[in-house]
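Undergrad: Per the numbering used here: the sequence shown ends with 1270, consecutive numbering throughout. Yeah, the Cβ is synthetic: ideal placement off N, Cα and C, and Gly gets one too. Bear in mind the structure is a predicted one, so any value in this text is a computation, not a measurement.
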Amino acid sequence: MIDCIVDISHYQKGIDTTELRGKGILAVISKATQGLSGVDETFFENIQKCVADGMYTGFYHFGINGNGKQQAEHFLNTIAGLNGIMVLDWEWFKGAVMQPSDVNHFIKTIFEKTGRYPVLYTNYYFLQSQKILDWKYLRACPLWIAEYTKVPHLPKQWSSWAMWQYTGGAKMVMYDNARSGIIDRDYFNGGVDEMVKFWNANSLG
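Structural data, given as structure tokens:
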């Protein structure tokens, strides 16, 4: 298990990926889209920085209540031509939670159009609270579990997790002039070689 991944969005605007690389971060997963039309204002800049610094990249879609197929198409249109892993972020959101049926449509659309399943980012307790009637597409996705405990709970539909977001409040130097900020940090369930294989197997491009 290696602590070598961070995930970012506009909350880390102006991040210096060279600083991250110097702290042992190998991969950065950036927020790309939200809902039917939202695009994170820092997405393209973040990806360019990561590529320039030779880092592994990923992109996530923050799912909310609305047509899952159309959300997937919006996500794919935004990340077209980029190389990295795809992620669906499914969590609680101000009374506008993405419905399980739309989650399935999102995953199905991604798979049909790319031949790859997105990674599913979620929380164990949130997942248990959802009335999921069909697990076919969900359990086909590599699992990225978010749980700020010593050991994450594993949903019974998966035999293992791929990534674990163990904190949403890590403080580290990540801006120019050695300035610090707050960032999410994540373990990969394996060593560096396994992480590289995982990225290569699940990436677009």
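#1: Thinking just about the alpha-carbon of each residue, which of LEU1141, GLN1136 and ASN1148 is nearest to the one in ASN1169?
#2: Going along the chain, which residues of its own chain have a beta-carbon closer than 6 Å to the beta-carbon of THR1174, five neighbours each way excluded?
#3: Decide if LEU1198 is buried, meaning its Cβ has at least 16 other Cβ atoms within 10 Å, or exposed.
#4: Can you tell me whether DSSP reads GLN1136 as helix, strand or coil?
#5: Smallest Cα separation from TYR1252: which of PHE1124, LEU1091 and MET1163?
#6: Rounded to a whole number of angstroms, what is the C-alpha to C-alpha distance between GLY1234 and GLU1106?
#7: Under a three-way DSSP split, which group does ALA1097 fall into?
#8: Between which two residues does the alpha helix (DSSP H) harbouring ASP1154 extend?
#9: Over the uninterrupted beta strand (DSSP E) stretch that includes GLN1230, give me the two end residues.
#10: Report the rounded CA-to-CA distance for GLU1156 versus TRP1264, giving the unit in angstroms.
#11: Going by alpha carbons, who is nearest to TRP1223 out of TYR1231, LYS1236, LEU1208 and PRO1183?
#12: In this structure, how does DSSP classify TYR1202 when only helix, strand and coil are distinguished?
#13: Determine the DSSP secondary structure at THR1214, reduced to helix, strand or coil.
#14: Name the one or two DSSP bridge partners that TRP1209 has.
#15: Put ASP1251 into one of helix, strand or coil per three-state DSSP.
#16: Among ILE1172, ASN1132, TYR1231 and GLY1270, which residue has its Cα nearest to the Cα of VAL1216?
TA: Checking against the coordinates, here is how it stands:
#1: Position 104 of the sequence shown holds residue 1169. Comparing Cα-Cα distances from ASN1169 to each of LEU1141, GLN1136 and ASN1148, the minimum goes to GLN1136.
#2: Numbered from 1 along the sequence shown, position 109 holds the residue referred to as residue 1174. If we look at THR1174 and ignore the five residues flanking it on each side, its Cβ neighbours are LYS1134 and ALA1137.
#3: The count along the sequence shown starts at 1 and reaches residue 1198 at position 133. With fewer than 16 other Cβ atoms inside 10 Å of its own Cβ, LEU1198 counts as exposed.
#4: On the sequence shown, residue 1136 is found 71 positions in, with the first residue counted as 1. Three-state result, GLN1136: helix.
#5: As a first step, residue 1252 is located in the sequence shown; it is residue number 187 there, counting from the start. Distances from the CA of TYR1252 to each of PHE1124, LEU1091 and MET1163 were compared; the closest alpha carbon is that of LEU1091.
#6: Position 169 of the sequence shown holds residue 1234. Position 41 of the sequence shown holds residue 1106. Answer to the nearest angstrom: the Cα atoms are 22 Å apart.
#7: Here residue 1097 refers to the residue found at position 32 of the sequence shown. Secondary structure of ALA1097 (DSSP, three-state): strand.
#8: What you label residue 1154 is simply residue 89 of the sequence shown in a count that begins at 1. Segment 1150 to 1154 is the beta strand (DSSP E) holding ASP1154; no alpha helix (DSSP H) there.
#9: Counted from its first residue, the sequence shown places residue 1230 at position 165. Taken as a continuous stretch (DSSP letters only), the beta strand (DSSP E) holding GLN1230 covers 1228 to 1240.
#10: Residue 1156 sits at position 91 when you count from the first residue of the sequence shown. Residue 1264 sits at position 199 when you count from the first residue of the sequence shown. Their Cα atoms are separated by approximately 23 Å.
#11: Position 158 of the sequence shown, counting from 1, holds the residue named residue 1223. Nearest of TYR1231, LYS1236, LEU1208 and PRO1183 to TRP1223, Cα basis: LEU1208.
#12: Taking the sequence shown and counting its residues from 1, one reaches residue 1202 at position 137. Coil at TYR1202, not helix or strand.
#13: As a position in the sequence shown, residue 1214 is number 149, starting the count at 1. The three-state reading of DSSP puts THR1214 in coil, since its state is none of H, G, I, E or B.
#14: The residue you call residue 1209 lines up with position 144 of the sequence shown. In the DSSP output, where bridge partners are listed per residue, TRP1209 has TYR1186 and MET1228.
#15: Within the sequence shown, residue 1251 is the residue found at index 186, counting from 1. DSSP, reduced to helix, strand and coil, places ASP1251 within a strand of the structure shown.
#16: The residue you call residue 1216 lines up with position 151 of the sequence shown. Comparing alpha-carbon positions, the option among ILE1172, ASN1132, TYR1231 and GLY1270 lying closest to VAL1216 turns out to be TYR1231.
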